[in-house]
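Residue numbers (our numbering), protein chains in the order written: chain A, 1 to 288; chain B, 1001 to 1442. Just below is one structure, and these are the notes that go with it.
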Amino acid sequence: MPDSNQGVNHIISTNPMSYHAYWALVNMRRDLRELWAHRELLITLTRREIIARYKQTFFGLGWSLMQPILQTIVYTIAFSLVLKTPSAEGIPYPIFVFANLTLWTYFSTTTINAMNSLRANTALITKVAFPREIIPISTILSGLFDFIVTFVVLLIFNFFYGFLPNIKYLYIPLILLVEIFFILDLALVLSVFTVVRRDLTYIVTFLITLYMFLTPVFFSINALPKALQEFYFVNPMGSIIDAFKNVVFYNYEPRWYSLLIASIILLLLFIPCYKFFKRADKNFADVL
Amino acid sequence: MTAVRFQNVFKAYDLHSGSRTLLSSLKMVAGETKADKLFYALSDISFEIQKGEAFGIIGRNGAGKSTILKIIAGITKPTSGTVDVHGLVSSLIELGAGFHPDMTGRENVYMSAAILGIPRRFIDAKFKEIVDFAELWDFIDVPVKKYSSGMYARLGFSVAVSVEPEILIIDEILSVGDVFFQQKCFAKMRQIIANGTTFIYVTHDTAAMQNLCDRALLLDSGRTEYIGSTIESVNRYYAKVGQKPDRNKILGNKAALQQVVLNEFLFSPEEIVEHSILNKISCRHGSKGLEIIAARVTNERGIDTFQVNILDNLFFNVILRANEDIDEPTSGMNLYDRMGNLVFAAGTPQLRYRLPPLSAGEELIVRFEVSFSVKPGEYTFSLIASEPSSIGGPNVGYFHDQYDLLGPITVTADTNQVFPFYGIAQLPMKIFHGAPIKSNRG
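Following this line, the structure appears as structure tokens:
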């Protein structure tokens, strides 16, 4: 799009015969500028989603804690009491699992929610125009609210086990940013698939559970076979959880090389993911 | 300066998206429509709307009106062709689209503005005006799911017009709300047009469109039928309802038709024109080859009135003018009850009554005498000038001119007496009896 077209709100010019030309037309800078212009909508939608989730519920905030706490109880019984694992990597088992689940629940819940977000907002998409990526992004950001609630509970648990906050906690927003980028990449692609076929949710739910075992979340990495341990540091969630544990329990720096590789991969993946989404999004109103 | 430009725009929808494989559906989402069963909602549409223009779009259901609006609003994109839109578009494709039921009116106002990319501080300044216009002072902090549909629509309209868009799109929404709010909306739209906002209006209310719009686009099955003055577009729109008769066709069965020429009408044309009940507010449409210029309604004593006692007559004196040669002019009236049900409709063809052929420029006074054997209540009526249609059989007419929503006629009855009948209308009914007979039974 030539920049001389000042004041042009949108120009749509397509020729179905030459879609490669159109692909080139999807100018990422323009799309990102458009997204920035709608940042207030993003904030409003995020707020709306948080309010809507808790306004009509009896337990309110309790729901966002329910899943990680129940899982912690189940895994603690299974591992501490049945399999007699008193601690993992030198950390008391209950808080080891709860810390991992703080990040993992955010990842799994938000990925599924963001994936279904376009379908959930059909009324909005077919009636008004705005950059569609705002919908999955607002879902991802509203999930942060649950994360913060869970994180505060983690701090309380840690306090009872004698782990106090330290200066390295300042790295946590950075670690979280890497995780958000990972979810965003996945959501941009998966939400487009879900617009076409809704049954993909079941497959993805299953794959995420499988991924939880590989990462791993509720047992130590040392319990995995050597070959799979290598995977730990290449897989984004592995390096994110590892960095988080280093900061929260050991007062260490994150394993920078591992986090950096994950960040670079995720940033590079963002480009095709975003382009894929933007190329599809003009048709959402017709398909939904 | 151009606000909106369409150049050879096509829009195709895939009709069987239900039975697709994952791969082909993905291709479709990605915009690669190679489907075999395509429905063209728009075919080769080209037009330009200038900045500050009030532009109407009319057509039957499914003509493609809403598709054009959705493309202008940026909700969907054309399959091929070029669309340029200059300026911020505020669209009322549906009133209150984007409102979240659990959020309050206040939160939804900011939400709707955010969708249009309007900054928060702008709405802060406008907020009181929005609430005042919607008349929702006591309800603005109540979740919108508690609103009535009228309140919902009022808030939606108020937000859309208050954000000062450069292009305002309104799609057939003013049927909501009471008559007072509708009038307020019309006043607001006139003000917006006067302020130089580009205004795009889709409605079936052709009177409102003629009132507001300078130019209009007439669509038929996704194609441009006509583009030009609103009046011309509206006339062509109504002309399509019936088909004009073929001039060379021999008119059949003339002998069966009766004709009563009254040399002495109660009124002269001047008297009818002077007391005409037709006015500019009336809903009027048609191509006007045969025109109703004036109509006067009186009771049997020649007094102008819409009041009539049950079973009494009203006289409808109508002046028809032929603007072209009309071989077989026909005229009639419709009567509707309070709910809009057609109670009765008849005219010259139904009464087997033949009016003389008219040459261009000739006028004719016709009088309908109608006995109101209908139940007491309020009725509206329409007056029609037409010709038999060349297609569609004897029960289809080509309407030259039609005035709707005339009246209301009030039919009264004396409640101290037995009504002449009960129910909607009186049917011809006769009663006979014989002489009293002495019974041998029981």
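All C-beta atoms, glycine included, are put in the ideal place defined by N, C-alpha and C.
Requested in this report: State the Cα-Cα distance for the pair leucine 124 of chain A and leucine 41 of chain A, rounded to the nearest angstrom.
Outcome: 12 Å
Is it the case that the Cβ atoms of threonine 1067 of chain B and leucine 1088 of chain B are separated by a distance below 9 Å? no
For this session: In angstroms with no decimal places, state the Cα-to-Cα distance between asparagine 1309 of chain B and lysine 1375 of chain B.
Result: 10 Å
Is the distance from the Cβ of isoleucine 1075 of chain B to the Cβ of alanine 285 of chain A below 9 Å? yes
For this session: Consult DSSP for alanine 970 of chain B and reduce its assignment to one of helix, strand or coil.
Result: This structure cannot speak to residue 970 of chain B, because chain B is shown only from 1001 to 1442.
Determine the DSSP secondary structure at alanine 285 of chain A, reduced to helix, strand or coil. helix
Mind checking who asparagine 1317 of chain B pairs with in its DSSP beta bridge?
-> B/Arg1296, B/Arg1367
Exercise for the section: For leucine 1311 of chain B, name the three-state secondary structure that DSSP assigns. Expected result: coil
message: My assumption, with CB atoms under 8 Å, is that alanine 37 of chain A sits in contact with glycine 1117 of chain B. Please give the rounded CB distance.
response: 5 Å
If we cut at 9 Å on Cβ distances, does glycine 1196 of chain B have a partner in chain A? no
task = State the Cα-Cα distance for the pair lysine 1011 of chain B and isoleucine 1049 of chain B, rounded to the nearest angstrom.
result = Distance between the alpha carbons of lysine 1011 of chain B and isoleucine 1049 of chain B: 19 Å.
Have a look at the DSSP bridge pairing and note the partners of lysine 1011 of chain B.
Answer by DSSP bridge pairing, in chain order: B/Leu1042.
What does methionine 1189 of chain B reach in chain A if we use C-beta pairs closer than 7 Å? Ordered by position in chain A, no residue passes the 7 Å Cβ test against methionine 1189 of chain B, which lies about 20 Å from the chain.
Rounded to whole angstroms, how far is the Cβ of phenylalanine 1316 of chain B from the Cβ of alanine 1295 of chain B, which I believe are closer than 8 Å?
-> 6 Å
**OP:** Answer with yes or no whether the minimum CB distance from arginine 29 of chain A to chain B is below 9 Å.
**Re:** no
- Nearest CA to the CA of isoleucine 73 of chain A: which residue from A/Val97, A/Leu45, A/Phe213? A/Val97
Exercise. Mind checking proline 1356 of chain B: buried by the 16 CB within 10 Å criterion, or exposed?
Worked result: exposed
**Asked** What are the residues of the stretch 231-260 of chain A that lie near chain B, defined by any Cβ-Cβ distance shorter than 8 Å?
**Response** Residues passing the 8 Å Cβ filter: none.
Whole-Å CB distance - glutamine 1402 of chain B paired with isoleucine 1384 of chain B, under 8 Å assumed
5 Å
Going by DSSP, what residues sit across from proline 1143 of chain B in a beta bridge? Proline 1143 of chain B has B/Thr1104 as its beta-bridge partners, per DSSP.
Check: Along chain B, which residues have their Cβ under 8 Å away from the Cβ of arginine 48 of chain A?
Finding: Chain B residues near arginine 48 of chain A: His1100, Met1103, Glu1107, Met1111.
Worksheet entry | Contact set for isoleucine 1140 of chain B: own chain, Cβ-Cβ below 6 Å, skip 5 residues either direction | Gly1105, Arg1106, Val1131
Residues in its own chain within less than 6 Å of threonine 105 of chain A by CB, not counting five upstream and five downstream? Gln67, Pro68
message = Less than 6 Å between C-beta atoms, sequence neighbours within five positions excluded: which residues of the same chain meet that for isoleucine 1193 of chain B?
response = In the same chain as isoleucine 1193 of chain B, and ignoring 5 residues on each side of it, the C-beta atoms closer than 6 Å to its own belong to Ala1054, Phe1199, in chain order.
If you follow the beta strand (DSSP E) that leucine 1217 of chain B is in, where does it begin and where does it stop?
1215-1220
**Asked** Taking C-alpha atoms, which residue in B/Gln1417, B/Thr1348, B/Arg1367 lies nearest to serine 1386 of chain B?
**Response** B/Thr1348
* Residues of chain B with a CB under 9 Å from the CB of glutamate 40 of chain A: which are they? -> Tyr1110, Ala1113, Ala1114, Gly1117, Ile1118, Pro1119, Arg1120
Are the Cβ atoms of glutamate 253 of chain A and lysine 127 of chain A separated by less than 9 Å?
-> The answer is no: Cβ separation not under 9 Å.
Item to complete: Report back the beta-carbon spacing between alanine 114 of chain A and isoleucine 172 of chain A to the nearest angstrom; my notes put them in contact at under 8 Å.
Response: Actually they are not in contact, since the Cβ atoms of alanine 114 of chain A and isoleucine 172 of chain A sit about 21 Å apart, beyond 8 Å.
**Asked** Would you say isoleucine 1075 of chain B faces chain A, with C-beta separation under 9 Å as the test?
**Response** Output row for isoleucine 1075 of chain B: interface = yes.
Checklist line | Proximal residues to arginine 197 of chain A (C-beta, below 7 Å), its chain only, five neighbours per side dropped | finding: none
(request) Mind listing the chain A neighbours of alanine 1097 of chain B? Cutoff is C-beta to C-beta under 9 Å, in chain order. (result) Ala123, Leu124, Thr126, Lys127, Val128
How many angstroms separate the CA atom of asparagine 1299 of chain B from the CA atom of serine 1287 of chain B? 31 Å
- Message: For phenylalanine 1127 of chain B, tell me which candidate among B/Pro1119, B/Ala1208, B/Val1109 has the shortest Cα-Cα distance.
- Response: B/Val1109
**C-beta neighbour in chain A for valine 1089 of chain B, strict 9 Å** = Taking a beta-carbon distance threshold of 9 Å, valine 1089 of chain B counts as an interface residue toward chain A.
query: Can you tell me where the beta strand (DSSP E) with tyrosine 1379 of chain B in it begins and where it stops?
result: In the DSSP assignment, tyrosine 1379 of chain B falls within the unbroken beta strand (DSSP E) covering 1377-1388.
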